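Asker: Residue numbers (this note's numbering): 682 to 870. Glycine included, every Cβ here is placed at the ideal spot set by N, Cα and C. Every value quoted in this text rests on a predicted model; they were computed, and no experiment measured them.
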């Protein structure tokens with residue numbers, strides 16, 4: 682929650698804070714001991730674990746060393762367990778707009794498809810290889826899509842990511858839909 686003089690908590694800071702606390706607790710270390718080993722105050726460590734603040738790479742590196750873990754363990758995003766929906770956002774007229782919709786980690790094979798679905802059409806999605814994540818970005822039209830047990834209404838500009846290795850579908854109403862589909866499948870070593 683943000684108020685006067687407070688910065689909003691970012692999802693990245695919150696995720697890092699959760700990881701710091703989890704790794705500290707897994708090692709049976711107190712916050713005071715972890716802070717001492719990292720050369721931080723206990724209050725600073727508590728703020729970071731709460732997802733508040735903006736730690737430098739040096740600070741995160743000191744915490745990782747204190748915990749005996751690689752720095753990447755604090756920075757890496759975990760695989761998402763459920764559908765992720767990002768509603769489209771309007772762009773200011775005459776201005777270039779960039780927004781990160783989704784970061785796909787390395788170790789994946791990526792395929793980008795364009796899917797055009799005529800009006801009043803339902804298409805069953807064939808389940809892909811185990812671990813595949815399907816990302817839909819609606820360019821035009823309206824579509825109901827996603828896992829059969831958790832479909833989402835999507836409008837132009839909306840993005841949805843879901844487990845592509847489970848049954849899923851795409852359904853249009855009175856208009857056709859133009860959808861960019863990105864399949865991220867794990868690469869087997």
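First and last residue of the beta strand (DSSP E) that includes residue 669?
Answerer: The structure shown does not extend to residue 669, since the chain is modelled only from 682 through 870, so no value can be given for it.
Asker: If I'm right that residue 824 touches residue 860 with Cβ under 8 Å, what's the distance once you round it to whole angstroms?
Answerer: That belief holds up - the Cβ atoms of residue 824 and residue 860 are roughly 7 Å apart, short of 8 Å.
Asker: Taking C-alpha atoms, which residue in 865, 835, 864 lies nearest to residue 854?
Answerer: It is 835 whose Cα lies nearest to the Cα of residue 854.
Asker: Does the segment 714–733 come close enough to the segment 762–773 that 3 or more CB-CB pairs lie under 8 Å?
Answerer: Because the criterion of three Cβ pairs below 8 Å is not met, the segment 762–773 and the segment 714–733 do not touch.
Asker: So, is residue 801 buried or exposed, given that buried needs 16 or more other C-beta atoms within 10 angstroms?
Answerer: Residue 801 comes out exposed.
Asker: The beta strand (DSSP E) spanning residue 792 covers which residue range?
Answerer: Note, residue 792: beta strand (DSSP E), 789–798.
Asker: Reducing DSSP to helix, strand and coil, say where residue 714 ends up.
Answerer: Helix.
Asker: Would you check if the distance between the CB atom of residue 695 and the CB atom of residue 734 is smaller than 8 Å?
Answerer: Against a cut-off of 8 Å, the Cβ pair of residue 734 and residue 695 comes out as no contact.
Asker: How far does the alpha helix (DSSP H) with residue 810 in it extend, from its first residue to its last?
Answerer: Element bounds for residue 810: n/a, residue is neither H nor E.
Asker: Please list the terminal residues of the continuous beta strand (DSSP E) segment that includes residue 765.
Answerer: Where residue 765 is concerned, the enclosing beta strand (DSSP E) stretches over 765–767.
Asker: How would you write the range of the beta strand (DSSP E) that residue 844 sits in, first residue to last?
Answerer: Element bounds for residue 844: 840–844.
Asker: Count the other C-beta atoms from every protein chain shown that fall within 10 angstroms of the C-beta of residue 730, then say buried if there are 16 or more, exposed otherwise.
Answerer: Classification of residue 730: buried, given that the 10 Å Cβ count is 16 or more.
Asker: Is it right to say residue 803 is buried, meaning 16 or more other beta carbons lie within 10 angstroms of its own, or is it exposed?
Answerer: With fewer than 16 Cβ atoms within 10 Å of its Cβ, residue 803 is classed as exposed.
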